[in-house]
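Remarks on the structure that follows.
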Amino acid sequence: MLPEVAAQRRALADLLDDLHAREWAVRSLCAAWTVHEVLAHLTLSTRQSTAATLLRVLRAGGSFERADARWAQERAAAFPPAALVAQLRETADADRRLGLSSPWDPLVDVLVHAQDVVRPLGRALPTPPDLAVAGLRHVWSNVFYGRPERRFRGLRLVATDGDWDAGEGPEVRGAAGELLLLATGRPRSAVDVSGPGAPRVTDRLGP
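Going letter by letter, the sequence shown gives residues 352 to 558 in the numbering used here.
If you want it as structure tokens, here you go:
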């Protein structure tokens with residue numbers, strides 16, 4: 352496992368220790384989940400087996416997204432937030448991941464879902480630019496992430512704090528962490544980007 356994954360998991364667990372009871376029910380940037388359910392999902396990544404995941408996908412009509420959403424919701428119903436925070440911290444160093452997945456997937460998972468949680472709460476957990484750049488390089492042409500290079504065809508995305516750019520067309524500029532959120536489908540309203548191409552991002556992602 353990439354050592355940075357463990358550090359990011361612990362940083363998120365430390366932040367979540369301070370949440371108030373009402374904050375756990377807030378809707379996250381990941382539309383299907385509350386803050387509580389996002390945390391439940393993050394604890395699953397070090398516990399679910401490939402076989403169990405495939406079985407759930409079959410039961411969900413072949414939809415990985417639907418199976419993943421339900422599993423996180425069930426886990427959130429089974430464990431209170433404090434228990435899930437403890438689980439996230441306890442398995443921060445765990446190297447377990449789904450078969451056929453990349454070592455970069457757990458990094459993208461924790462970086463993006465951390466922002467799914469903190470932004471609707473008005474809290475902050477900075478995304479290290481070098482890690483965000485690594486995440487962008489991994490997801491940009493990746494089918495599992497919906498091939499962002501196709502979604503943003505006709506635009507050039509440029510990281511302002513790291514060595515990454517991609518695409519051709521009017522520029523969309525922002526910190527690498529902001530561009531990673533765009534690449535993974537987060538709403539335009541939650542992301543801080545600028546440039547002549549920025550208004551067109553809404554057409555690709557919605558407001």
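Beta carbons: idealized from backbone N, C-alpha and C, even for Gly.
At the level of alpha carbons, what is the spacing between residue i and residue j?
| i | j | result |
| --- | --- | --- |
| Pro292 | Gly546 | An answer regarding residue 292 cannot be provided, because it is not within the stretch 352 to 558 covered by the chain. |
| Arg498 | Gly486 | 13 Å |
| Arg360 | Pro479 | 13 Å |
| Arg537 | Leu380 | 7 Å |
| Val484 | Ala527 | 6 Å |
| Ala601 | Trp384 | Outside the shown range of the chain, which is 352 to 558, sits residue 601, and nothing can be said about it. |
| Arg474 | Arg501 | 32 Å |
Sorted by chain position, which residues of the same chain lie with C-beta nearer than 6 Å to residue i's C-beta, five sequence neighbours on each side aside?
| i | result |
| --- | --- |
| Leu363 | Ala465 |
| Asp516 | Val509 |
Could you please give the first and the last residue of the uninterrupted beta strand (DSSP E) stretch that includes residue i?
| i | result |
| --- | --- |
| Gly525 | 522–525 |
| Leu508 | 507–510 |
So is residue i buried or exposed if we call it buried at 16+ other beta carbons inside 10 Å?
| i | result |
| --- | --- |
| Pro354 | exposed |
| Val436 | buried |
| Gly525 | buried |
| Thr553 | exposed |
| Glu529 | buried |
| Asp481 | exposed |
| His371 | exposed |
Let's see if you can read the secondary structure: which residues bound the alpha helix (DSSP H) around residue i?
| i | result |
| --- | --- |
| Val542 | It is not in any alpha helix (DSSP H) - Val542 carries neither H nor E in the DSSP assignment. |
| Arg551 | 549–556 |
| Leu380 | Where Leu380 is concerned, there is no enclosing alpha helix (DSSP H), given that its DSSP letter is neither H nor E. |
| Val494 | No alpha helix (DSSP H) contains Val494, which DSSP labels as neither H nor E. |
| His561 | In the structure as shown, the chain starts at 352 and stops at 558, and residue 561 therefore has no counterpart that could be examined. |
| Ala362 | 354–367 |
| Pro499 | 499–502 |
Mind checking whether the beta-carbon of residue i lies closer than 7 Å to any heavy atom of the ligand COA?
| i | result |
| --- | --- |
| Pro432 | Within the structure as shown, the ligand COA is missing, as the structure has no ligands at all. |
By Cβ distance below 7 Å, which residues in the same chain neighbour residue i in space, the five residues on each side in sequence not counted?
| i | result |
| --- | --- |
| Asp543 | Gly525, Glu529 |
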